[in-house]
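A quick write-up on the structure given underneath.
Residue numbers (the working numbering): 862 to 1320.
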């Protein structure tokens, strides 16, 4: 079955329950960067029995910083003193300092009716889109706690075709590799799933910023009222679940839906009501301006659906491999203000190839065998890969050597793109390229693909 709950289901009985508590960790603009906490609660049950709340703020080691009682109906929160808490920073820019807020609903008899703990981090994230010096268009950059940050990252797809088989340890292994590769952002692609809490918890701990697509990708979605109602409900549930994570840096409306319409020559897109009204309203109503919203990826001007203008918004740069099939050495003339997709495929670790060939006829142990072609993701994979291999290496028919050389080519091509586009980060007002996110980090089965790490977490 492909429907129904696939994550843990719990049954709770209660008199009063804290159904939701949003602990908004506020940071004012630089240079002050003053910190505050605002808490909103949603109670279920006999709320008339609630007299107030006990609230405490503590460090990860358990040290209590503040504790206070609040009457029912009063505003819950604090303005924190300078130095009372530390900021949360992305990896490479500072510590990932995390705190806990403990909240207990107190009954009229003075006893707790329910309690909840929320982990938070204090950071301010802004998406800066402003005119540039000596260049057309505008910037598209992330500013964290007043510091403009060049983004180097990876796109993320579901890590297994069977989602229930993914353990927290596997998620951490993937994300640790991303961090060890000197990357600071993961983009969760809109054609996958909203990942479980442990994924975002790990990003909080490792300092990895999260670009979160809403789950719409590569298609035309309807706009009838019954469907829109489910869209809004799903968006609200996931924004509520994820809004407290300091790693969350961007909500994005979709992946390539605007682009698909333009490529197909279709003049209408019913789903604009989703991307331009429902989703931004959900984010604003539930989070305010704590995390920015971007209509789609790629997307440029709000005046028209422009998904390919390199001078505004973000772009998916596929003229290498797809599109024109240009040499990867030309990536320096194909950039954009923010390149949120690009890539080159390769074959995986030879041990992974041996895994899928282990029960096949020995005749299948060759580059162009049926078994090898059944284990690739990319359209026209064999022809395109042969072209790029021929342009960069002496051709070999030895499977082990060929597989290794495809990996060398991917490594050289992807690293060249990072180096070339990073040179366009020239200082304030000259952020001609402010981010590069490779397609893709991971795989959902043993296969040749664009992944820079294969299914078995082999780089």
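Where is the CB? At the ideal position from N, CA and C, for every residue including glycine.
N- and C-terminal bounds of the alpha helix (DSSP H) containing residue i
i, result
"residue 1099", "1086–1103"
"residue 873", "First-last for residue 873: undefined, no H or E at that position."
"residue 1251", "1242–1253"
"residue 1229", "It is not in any alpha helix (DSSP H) - residue 1229 carries neither H nor E in the DSSP assignment."
"residue 1060", "1058–1067"
Residue i, DSSP secondary structure in three states
i, result
"residue 1141", "helix"
"residue 1177", "strand"
"residue 938", "strand"
"residue 1279", "helix"
"residue 931", "strand"
"residue 1154", "strand"
"residue 1127", "coil"
"residue 1211", "helix"
"residue 1306", "coil"
"residue 1264", "helix"
"residue 1146", "helix"
"residue 1194", "helix"
"residue 1187", "strand"
"residue 1160", "strand"
"residue 893", "coil"
"residue 1034", "helix"
"residue 864", "coil"
"residue 925", "strand"
"residue 1273", "helix"
"residue 1182", "coil"
"residue 1286", "strand"
Start-to-end residues for the beta strand (DSSP E) that takes in residue i
i, result
"residue 965", "960–968"
"residue 1106", "Segment: none, residue 1106 is in no beta strand (DSSP E) and carries neither H nor E."
"residue 1046", "1046–1049"
"residue 886", "877–888"
"residue 1298", "1296–1299"
"residue 1202", "1200–1202"
"residue 1070", "1070–1074"
Anticipated Cβ contact below 8 Å, residue i with residue j, distance rounded
i, j, result
"residue 876", "residue 910", "7 Å"
"residue 941", "residue 897", "6 Å"
"residue 998", "residue 1173", "4 Å"
"residue 984", "residue 1298", "Not a contact, Cβ separation roughly 20 Å."
"residue 1206", "residue 1311", "5 Å"
"residue 951", "residue 1045", "5 Å"
"residue 1020", "residue 1031", "6 Å"
"residue 1181", "residue 1203", "7 Å"
"residue 1073", "residue 1109", "6 Å"
"residue 1209", "residue 1307", "7 Å"
"residue 1081", "residue 1143", "About 21 Å; that fails the 8 Å criterion."
"residue 1111", "residue 1177", "With 8 Å as the limit, residue 1111 and residue 1177 do not qualify as a contact, their Cβ atoms being about 16 Å apart."
"residue 1071", "residue 1024", "So it is not a contact: roughly 18 Å between Cβ atoms."
"residue 948", "residue 1065", "About 13 Å separates the two Cβ atoms, so there is no contact after all."
"residue 1101", "residue 1147", "6 Å"
"residue 962", "residue 884", "5 Å"
"residue 1192", "residue 1094", "Not confirmed; about 41 Å, so no contact."
**Asked** At which residue ranges does the stretch 946–1028 contain complete alpha helix (DSSP H) runs of 4 or more residues, listed in the order of the chain?
**Response** Taking only runs of at least 4 residues, no alpha helix (DSSP H) segment lies wholly in the stretch 946–1028.
**Asked** Three or more C-beta pairs closer than 8 Å, one from the stretch 1248–1256 and one from the stretch 1267–1283: is that the case here?
**Response** With a cut-off of 8 Å, the stretch 1267–1283 and the stretch 1248–1256 count as touching, because enough Cβ pairs lie within range.
**Message:** Quick check: the stretch 989–1006 against the stretch 926–946, are at least 3 beta-carbon pairs closer than 8 Å?
**Reply:** At 8 Å Cβ cutoff, the stretches do not touch.
**Request:** Would you mind listing the beta strand (DSSP E) stretches within the stretch 896–923 that are 3+ residues and don't spill past its ends, in chain order?
**Result:** Within the stretch 896–923, the complete beta strand (DSSP E) runs of at least 3 residues are 896–906 and 911–920.
**Message:** Taking contact to mean 3 or more Cβ pairs, one atom from each stretch, closer than 8 Å, check whether the stretch 1076–1090 and the stretch 1126–1135 are in contact.
**Reply:** At 8 Å Cβ cutoff, the stretches touch.
**Message:** Count Cβ pairs between the stretch 966–979 and the stretch 997–1016 that sit closer than 8 Å; are there 3 or more?
**Reply:** Taking a cut-off of 8 Å on C-beta distances, the stretch 966–979 does not touch the stretch 997–1016, as fewer than three cross pairs fall below it.
**Prompt:** How do the stretch 1207–1227 and the stretch 1257–1264 stand: do at least 3 beta-carbon pairs fall below 8 Å, yes or no?
**Reply:** Because the criterion of three Cβ pairs below 8 Å is met, the stretch 1207–1227 and the stretch 1257–1264 touch.
**Asked** Would you call the stretch 862–871 and the stretch 886–901 touching, i.e. three or more CB-CB distances under 8 Å?
**Response** No, the stretch 862–871 is not in contact with the stretch 886–901.
**Message:** Would the stretch 999–1008 count as touching the stretch 1276–1296 if we require 3 or more Cβ pairs under 8 Å?
**Reply:** Yes, since at least three Cβ pairs between the stretch 999–1008 and the stretch 1276–1296 fall closer than 8 Å, the two stretches touch.
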